[in-house]
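Asks: Everything in the sequence shown is counted per the numbering used here, starting at 23 for the first residue and increasing by one. Glycine included, each C-beta is placed from N, C-alpha and C at the ideal position. In this text, all values refer to a predicted model and were calculated from it rather than measured experimentally. Pasting a structure below so you can have a look.
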Amino acid sequence: LAEPKKSDNKAMAFLRQKGRVGGSTAQDFINAMGVDEGPAGGKNAASMHRDMRKSRGAYKECSETGIVDDLSETFPFTSSGNEWSGVTDQVMGGTSNGSLTREEMDGKTANVLRGKVSLANNGGFVQMATDLALNPSSSPFVDASNFDGVEIVVYCDVEDSYSASNEESFNVHLRNQECSRQFSSYRATFAIEKKIWKTIRLPWSCFVGYGPGASEIEFDNSTLRRLGIVAIGREMEVMLAVASVSFYRVL
23 LAEPKKSDNK AMAFLRQKGR VGGSTAQDFI NAMGVDEGPA GGKNAASMHR DMRKSRGAYK
83 ECSETGIVDD LSETFPFTSS GNEWSGVTDQ VMGGTSNGSL TREEMDGKTA NVLRGKVSLA
143 NNGGFVQMAT DLALNPSSSP FVDASNFDGV EIVVYCDVED SYSASNEESF NVHLRNQECS
203 RQFSSYRATF AIEKKIWKTI RLPWSCFVGY GPGASEIEFD NSTLRRLGIV AIGREMEVML
263 AVASVSFYRV L
């Protein structure tokens, strides 16, 4: 993979200086650039754990509990010992922008992704994403094969000039060991009505490979690295709120 550009590092340093990344109540990534589900994730793992309010040993990995984030920790940290970050298509020259905040939304505490998705310069996405492994220095992967899929509790409001529908579609992207390239992932699409909280379950069979490696190899849920919730593929002004992310098991 290409080394991060110096301009990218300066942008993130500026956001940290302003208190917008790494422990604040909001992340503004209007000018921040990142890799769409890049294999190393967001922050350096050692740096992230220095910022956390509990020791690493106080957390349980999501592969053990099934909980990726129940929002019991201070934003932007997850309840499974990782951290949410916001990413846009600016890494590939796009112009989409957005922010990621912790808010009360229609009766629920939620991580709220707001953004303007633009297709300019072959771009077209904003997302919130988190790594999954609690101790990536030991192993960057988690084994979710004891579960049946991904469950998210979501709410949205979208201004989309191309659609008059009351339903909007979004993606969940998963990366595993086969996703060695920047834009490779396994993707599942879900649709929800606007302004209504909805619990969505996506079985593993819904996830389809996209990009080098992933498109050629069947999805393996035993080596998951990263999860993203994405507004992608069409021009829109989006507000997407997420109150819970977990792996579910059919009893």
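Rounded to the nearest angstrom, what separates Arg203 and Gly233 at their Cα positions?
Replies: Taking the straight line joining both Cα atoms gives about 8 Å.
Asks: If contact is defined by three or more beta carbon pairs under 8 Å, each pair taking one atom from either stretch, is the segment 215-224 in contact with the segment 106-120?
Replies: The segment 106-120, when compared against the segment 215-224, does not touch it at the 8 Å Cβ threshold.
Asks: Which same chain residues, not among the five before or five after Ala236, have their C-beta less than 7 Å away from its C-beta?
Replies: Excluding positions up to five away in sequence, the list reads Glu200, Cys201, Ser206, Ser207 and Tyr208.
Asks: Residue range of the beta strand (DSSP E) that Ser268 falls in?
Replies: Looking at the DSSP string, the run of the beta strand (DSSP E) that includes Ser268 is Met258 to Tyr270.
Asks: Does DSSP classify Glu86 as helix, strand or coil?
Replies: Here Glu86 sits in helix by DSSP.
Asks: Using beta-carbon positions only, say whether Leu286 and Leu246 come within less than 8 Å of one another.
Replies: The first residue shown for the chain is 23 and the last is 273, placing residue 286 beyond what the model contains.
Asks: Using only the alpha-carbon positions, how far apart do Asn119 and Val180 sit?
Replies: Taking the straight line joining both Cα atoms gives about 15 Å.
Asks: Whole angstroms are fine: how far does the CA of Ser160 sit from the CA of Lys76?
Replies: Rounded to whole angstroms, Lys76 to Ser160 spans 19 Å at the Cα level.
Asks: Could you name the residues of the same chain whose beta carbon sits closer than 6 Å to that of Glu189, not counting the 5 residues immediately before and after it, in chain order?
Replies: Closer than 6 Å at the Cβ level, and outside the excluded window around Glu189, lie Ala213 and Glu215.
Asks: What does the alpha-carbon distance come out to for the pair Ala263 and Leu249?
Replies: Each residue's Cα considered, the two are about 16 Å apart.
Asks: Who are the near neighbours of Arg136 in its chain, counting only those whose CB is closer than 6 Å to its CB and skipping five residues on each side?
Replies: Cβ within range, chain order: Gly120, Ser121 and Met261.
Asks: So, for Gly255: in the same chain, excluding its five sequence neighbours on each side, which residues have a beta-carbon less than 6 Å away from its beta-carbon?
Replies: The answer, listed in chain order, is Gly146.
Asks: Of all the options Asp128, Phe269, Thr152 and Ala142, which has the alpha carbon lying nearest to the alpha carbon of Thr100?
Replies: The candidate whose alpha carbon is nearest that of Thr100 is Thr152.
Asks: With DSSP collapsed to three states, give me the class of Arg248.
Replies: Strand at Arg248.
Asks: May I ask you to list the residues that DSSP assigns as paired with Cys178?
Replies: Answer by DSSP bridge pairing, in chain order: Leu262.
Asks: How about Thr117 and Asn144: are their beta carbons less than 8 Å apart?
Replies: Not closer than 8 Å, so no.
Asks: Just the Cα atoms here: how many angstroms apart are Cys178 and Pro158?
Replies: Their backbone Cα atoms lie some 32 Å apart in a straight line.
Asks: Look up Ala166 in the DSSP assignment and say whether it is helix, strand or coil.
Replies: Three-state result, Ala166: coil.
Asks: Throw me the rounded Cβ distance for the Gln149 and Val272 pair, which I believe falls under 8 Å.
Replies: Actually they do not touch by this definition, with Cβ atoms about 27 Å apart.
Asks: Check for me: the beta strand (DSSP E) holding Ile222 runs from which residue to which?
Replies: Ile222 -> beta strand (DSSP E) spans Lys220 to Pro225.
Asks: The beta strand (DSSP E) spanning Ala213 covers which residue range?
Replies: Its beta strand (DSSP E) spans residues Ser207 to Glu215.
Asks: Is Met114 close to chain D, meaning its C-beta is less than 8 Å from at least one C-beta of that chain?
Replies: The structure shown contains no chain D; it holds only a single protein chain.
Asks: May I have the straight-line CA-CA distance separating Trp219 from Thr211, to the nearest angstrom?
Replies: Rounded to whole angstroms, Trp219 to Thr211 spans 17 Å at the Cα level.
Asks: According to DSSP, is Gln149 part of a helix, a strand, or is it coil?
Replies: It is a strand residue.
Asks: Buried or exposed for Ser227, going by 16 or more other Cβ atoms inside 10 Å?
Replies: Exposed: under 16 other Cβ atoms inside 10 Å.
Asks: Cβ of Gly103 within 8 Å of Cβ of Arg78?
Replies: Yes, they are a contact pair.
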